[in-house]
Ligand code: AGP
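In our numbering, the protein residues as written are 47 to 657.
Listed below in structure tokens is the structure:
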């Protein structure tokens with residue numbers, strides 16, 4: 047997820063673009079750059095690192111300059127490590143272009159353009175688009191036609207802004223699967239990844255839709271979609287600036303919960319070979335021979351990432367036939383674990399900087415293949431492992447991990463599917479079904495988010511409880527653990543997750559009318575009847591039950607529970623991700639009602655880089 051912004055108007059384009067990037071830095075901060083048209087040409091400034099590094103380079107550049115056109119970008123690397131060379135904007139001939147998203151077919155397009163003599167200076171997929179657009183402009187096509195021709199060649203998710211030095215009165219825009227808004231006024235026009243970037247300048251916006259491409263000028267925004275001219279309605283935004291920074295949400299946590307459909311799509315996009323039902327993991331270079339030799343997979347992580355490992359264990363053992371064990375990184379690092387050259391050590395970490403996880407990785411490094419599922423390119427863990435599956439969650443600001451968790455589950459499912467396919471363990475039909483379900487997952491998560499109002503009411507009923515118990519079986523047990531962790535870390539209420547089958551071995555002694563019991567039930571749970579009998583035991587002891595389930599209209603369940611949150615059923619493998627969403631929302635709304643600092647809960651840090 048990157049931040050992009052563009053401007054045309056009478057103010058200093060450089061100042062407006064840089065101030066827009068400041069508000070977008072939460073979307074990516076491993077490099078930044080701007081392209082400004084002035085004195086008859088496009089001037090590009092790029093810097094590795096946070097925006098502050100670029101601003102040092104720009105010192106004095108923008109003073110007093112008025113008018114003009116410019117685009118700017120903060121990068122969250124997906125293809126090509128963080129570096130100045132890979133920083134946007136990318137320039138090809140008369141074109142300077144910035145991009146948010148993933149061009150899935152960039153390799154074939156790069157080979158084609160190289161054969162036509164194009165010289166590439168970066169490792170990015172974005173540079174391909176700059177060369178394509180330049181090519182079509184140089185062939186004499188009008189800018190609007192040239193951006194159409196460019197988009198016709200691209201596959202994947204993209205939000206492009208481009209300026210053409212021979213038409214310095216317009217910004218060329220293309221939007222597919224990643225957000226773009228156009229801010230308008232009588233004398234200026236703005237383009238950005240999201241509204242907060244330019245809300246200080248205008249409150250009137252056009253929200254572009256997938257498949258739109260546009261030519262943006264002051265006073266004129268020409269849009270086409272699927273070959274037809276389209277109009278997008280002007281939305282008047284009334285947010286205050288602070289709310290705007292969080293995209294209109296009260297807290298980053300709620301914003302990041304709602305980003306899950308998009309970032310889950312980003313995480314599998316470009317990695318699914320639908321036709322052959324295979325998985326393409328670009329940063330995993332395990333050969334088939336390596337994969338055949340793996341006789342044990344060890345997973346280690348902390349906190350929420352550790353919960354994702356518990357789900358990953360199911361995926362791995364179900365799809366690969368390889369024994370898989372899961373360990374807390376803080377425990378693994380001090381044991382003398384048995385690691386052989388045929389082991390695969392995999393760590394999971396959002397930040398890529400967690401000290402215990404890094405230390406666990408050190409124990410295995412050099413003894414076997416090591417792999418990470420990580421959200422930050424260039425992080426310590428991402429740099430140390432032999433192989434890496436990057437989740438495309440974008441920067442996760444809130445301390446409570448939400449979108450990182452669900453994208454970690456996607457990453458582990460992709461890994462298990464890949465290894466299983468390479469070992470001949472997963473027949474084509476099964477692979478195709480899982481891949482097809484994955485493609486539908488973003489919309490299932492959207493549907494789960496629609497439980498928000500019901501969750502708000504449940505939070506009002508139970509937010510003053512002193513203790514919560516979360517129960518689940520199978521892959522719903524780690525989800526119960528994750529729900530309990532979410533609640534305790536942001537609302538400070540004691541909550542613990544337990545396997546539902548363990549009720550009789552202790553926790554049932556806790557049950558009374560003051561103890562809400564959240565039970566996570568999935569339709570494909572062969573043990574559903576057993577879970578139901580657990581609930582009868584809770585109910586008979588006056589326990590208050592909240593069921594989170596993808597089972598629709600089960601009468602006894604409704605009779606036993608105070609509340610039943612029903613979600614769409616997608617598949618055995620993906621139910622855990624869908625059932626997680628209401629638990630994230632429940633923790634959030636309980637914390638808000640209890641007045642805690644949701645994004646910065648006491649005693650916690652976003653990344654625990656110390657033991
Ligand atoms: C999750 O909500 C917590 N903030 C915490 O448990 C976190 O998951 C853990 O510290 C691991 O962080 P990492 O994924 O960055 O390694």
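Where a beta carbon is used, it is the ideal one built from N, C-alpha and C, also for glycine. Note that the coordinates shown come from a computational prediction; the quantities given were computed from them, not determined experimentally.
When you measure from the CB of residue i to every non-hydrogen atom of the ligand HEM, does any distance come out below 8 Å?
i: residue 652; result: For the structure depicted, the ligand HEM is absent and the ligand set comprises only the ligand AGP.
Counting C-beta neighbours from all protein chains within 10 Å, is the total for residue i 16 or more, i.e. buried, or is it exposed?
i: residue 70; result: buried
i: residue 641; result: exposed
i: residue 486; result: exposed
i: residue 118; result: buried
i: residue 421; result: buried
i: residue 280; result: exposed
i: residue 292; result: buried
i: residue 160; result: exposed
i: residue 444; result: buried
i: residue 275; result: exposed
i: residue 143; result: buried
i: residue 112; result: exposed
i: residue 660; result: It is not possible to answer for residue 660, since the shown part of the chain is limited to 47 through 657.
i: residue 650; result: exposed
i: residue 175; result: buried
i: residue 288; result: exposed
i: residue 240; result: buried
What does a CB cutoff of less than 6 Å around residue i pick up in its chain, not counting 5 residues either side in sequence?
i: residue 214; result: 83 and 115
i: residue 305; result: 449
i: residue 313; result: 437, 438, 453 and 456
i: residue 99; result: 93
i: residue 173; result: 136 and 166
i: residue 372; result: 345, 355, 356 and 359
i: residue 221; result: 205, 254 and 258
i: residue 481; result: 318 and 323
In three-state terms, what does DSSP make of residue i?
i: residue 221; result: strand
i: residue 650; result: coil
i: residue 515; result: strand
i: residue 573; result: coil
i: residue 133; result: coil
i: residue 363; result: helix
i: residue 597; result: coil
i: residue 620; result: coil
i: residue 182; result: helix
i: residue 580; result: helix
i: residue 214; result: strand
i: residue 303; result: helix
i: residue 118; result: strand
i: residue 668; result: Limits of the chain in this structure are 47 at one end and 657 at the other, which puts residue 668 out of reach.
i: residue 355; result: helix
i: residue 52; result: strand
i: residue 164; result: coil
i: residue 286; result: coil
i: residue 313; result: helix
Near residue i, what residues of its chain come up, given a Cβ to Cβ distance below 8 Å and the 5 sequence neighbours on each side ignored?
i: residue 385; result: 344, 391, 409, 410, 413 and 414
i: residue 549; result: 517, 580, 583 and 584
i: residue 180; result: 138, 139, 140 and 141
i: residue 426; result: 398, 399 and 404
i: residue 447; result: 349, 350, 351 and 396
i: residue 272; result: 257
i: residue 315; result: 148, 150, 202, 203, 223 and 438
i: residue 616; result: 483, 486, 487, 490, 596 and 624
Could you confirm whether any beta carbon from chain D is found closer than 9 Å to the beta carbon of residue i?
i: residue 64; result: In summary, chain D is missing from the structure at hand, where a single protein chain is found.
I'd like the list of long-range same chain contacts for residue i, defined as Cβ closer than 7 Å, with 5 residues on each side in sequence excluded.
i: residue 562; result: 508, 511, 514, 590 and 592
i: residue 365; result: 462, 463, 466, 471 and 472
i: residue 147; result: 202, 203, 204, 205, 223 and 224
i: residue 310; result: 452, 453, 456, 487, 488 and 491
i: residue 402; result: 348, 375, 376, 379 and 657
i: residue 553; result: 515 and 544
i: residue 504; result: 592, 609 and 632
i: residue 66; result: 51, 118, 238, 243 and 244
i: residue 423; result: 76, 123, 127, 128 and 436
i: residue 120; result: 48, 49, 67, 70, 71, 73, 74, 75, 78 and 97
ask   = Can at least three beta-carbon pairs, one atom from the segment 441 to 456 and one from the segment 620 to 631, be found at a separation below 8 Å?
value = yes
ask   = Using 8 Å as the threshold, is the segment 159 to 173 in touch with the segment 128 to 145, meaning 3 or more CB pairs across them?
value = yes
Three or more C-beta pairs below 8 Å linking the segment 592 to 601 and the segment 565 to 575 = yes
message = Quick check: the segment 479 to 495 against the segment 539 to 553, are at least 3 beta-carbon pairs closer than 8 Å?
response = no
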